[in-house]
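**Student:** The sequence shown begins at 291 in the working numbering and counts up one residue at a time. Mind having a look at this structure? Questions to follow.
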Amino acid sequence: MALAVTVGSYAFVSAVAGTKALERVPFPSDAAKISSPWVGDVPSFSEILLPFASELESNHALITALQVLEASRKKQMTVQSAEYADAIRRVRQTLSISPYNPELWLALALLQAQRDPHDPVVFEALKMTYFIAPNDMRLVPVRLDVAGRFDLLADPDIKDLARSDVRLIMTRRPELKPAIVSAFRRASDRGKAALQDAVQSIDPTFVPSLRG
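Written as structure tokens, this is what we have:
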């Protein structure tokens, strides 16, 4: 009887969640052009629904993050706004029940870095994207951009992880070399030095391409 009730409840909650679900979105590959495919309010699942709909809420939290990142990029929203803070809260809440989502960790790193690049959360969130998905090429361009732009390469661990991304591109996915160039050109002085050093150690002939 208890099993039947549990199964029935799960089926009901899943059906309710399904009616509110938005189409899954991929993480953008260009940090300079982050945008959300969804315009308007993003449904949120209640605490009762979350255990059954964590995957759906992860997608919705990511969409929310992309929305505010796009709005802040277009100067339509400040990083100190209530909407921006709500997006951070939603991402962190979702990660508390679905901690193995590298896209959400990367979204959190970027959201928090734009607000306070010295916040320890930025470093830890970026590291989590590497630990969970070290070879996920979808995330590499934005990881390099965040690491270089916000001086996160001052952290020895992140510096080594970013070098691994550079090596991965240079040796296995050369078609993604423009991502290294983009990250370099958007990076801080410290970020530029670290990225150039990483490229120099792998393929010195590519170094001139960084500056164009």
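Built from N, CA and C at the ideal position, the CB exists for glycine as well. Remember, predicted model here, so these are calculated numbers, not experimental data.
Would you be able to state if there are at least three C-beta pairs under 8 Å between the stretch 343-359 and the stretch 378-386?
**Tutor:** yes
**Student:** Measure the alpha-carbon distance for Gln486 versus Asp331 and round it to whole angstroms.
**Tutor:** 42 Å
**Student:** Just to confirm, is the Cβ distance from Arg433 to Leu394 under 8 Å?
**Tutor:** Cβ distance not < 8 Å, so Arg433 and Leu394 don't count as in contact.
**Student:** Would you say Asp445 and Phe413 are within 8 Å of each other, going by their C-beta atoms?
**Tutor:** One thing to note: Asp445 has its Cβ within 8 Å of the Cβ of Phe413.
**Student:** How long is the line joining the alpha carbons of Arg473 and Leu312, rounded to whole angstroms?
**Tutor:** Per the sequence shown, residue 473 should be read as Ala rather than Arg. Their Cα atoms are separated by approximately 31 Å.
**Student:** Could you give the residue range of the alpha helix (DSSP H) that holds Ile459?
**Tutor:** 446-462
**Student:** Would Leu400 and Val436 be called neighbours here (beta carbons separated by less than 8 Å)?
**Tutor:** yes
**Student:** With a 10 Å radius around its C-beta and 16 neighbouring C-beta atoms as the bar for buried, classify Thr368 as buried or exposed.
**Tutor:** Exposed, because fewer than 16 other Cβ atoms sit within 10 Å of the Cβ of Thr368.
**Student:** Output the boundary residues of the alpha helix (DSSP H) element that contains Asp435.
**Tutor:** 430-439
**Student:** Applying the 10 Å Cβ sphere with the 16-neighbour rule, what's the burial state of Asp479?
**Tutor:** exposed
**Student:** Would you mind stating whether Phe440 and Pro410 have Cβ atoms separated by less than 8 Å?
**Tutor:** no
**Student:** Taking the continuous alpha helix (DSSP H) assigned at Asp406, which residues delimit it?
**Tutor:** According to the DSSP assignment, Asp406 belongs to no alpha helix (DSSP H), since it is labelled neither H nor E.
**Student:** Under the three-state reduction of DSSP, which class applies to Lys417: helix, strand or coil?
**Tutor:** helix
**Student:** Taking the alpha-carbon positions, what's the Ala324 to Arg457 distance?
**Tutor:** Here residue 324 turns out to be Ile, not Ala, going by the sequence shown. Going by the C-alpha atoms only, they are around 24 Å apart.
**Student:** Would you tell me roughly how many angstroms separate the C-alpha atoms of Ser344 and Thr495, rounded to the nearest one?
**Tutor:** Computed Cα separation, rounded: 46 Å.
**Student:** Is the distance from the Cβ of Thr354 to the Cβ of Arg314 below 8 Å?
**Tutor:** With respect to Arg314, Thr354 sits apart: the two C-beta atoms are not nearer than 8 Å.
**Student:** List the endpoints of the continuous alpha helix (DSSP H) containing Ile324.
**Tutor:** Note, Ile324: premise wrong, no alpha helix (DSSP H); not H, not E.
**Student:** Quick one: using the 10 Å Cβ neighbour count with 16 as the cut-off for buried, is Tyr374 buried or exposed?
**Tutor:** buried
**Student:** Please go through the same chain and pick out, in chain order, the residues whose beta-carbon is closer than 7 Å to the beta-carbon of Ala403, but skip the five residues on each side of it.
**Tutor:** If we look at Ala403 and ignore the five residues flanking it on each side, its Cβ neighbours are Val412, Val436, Phe440.
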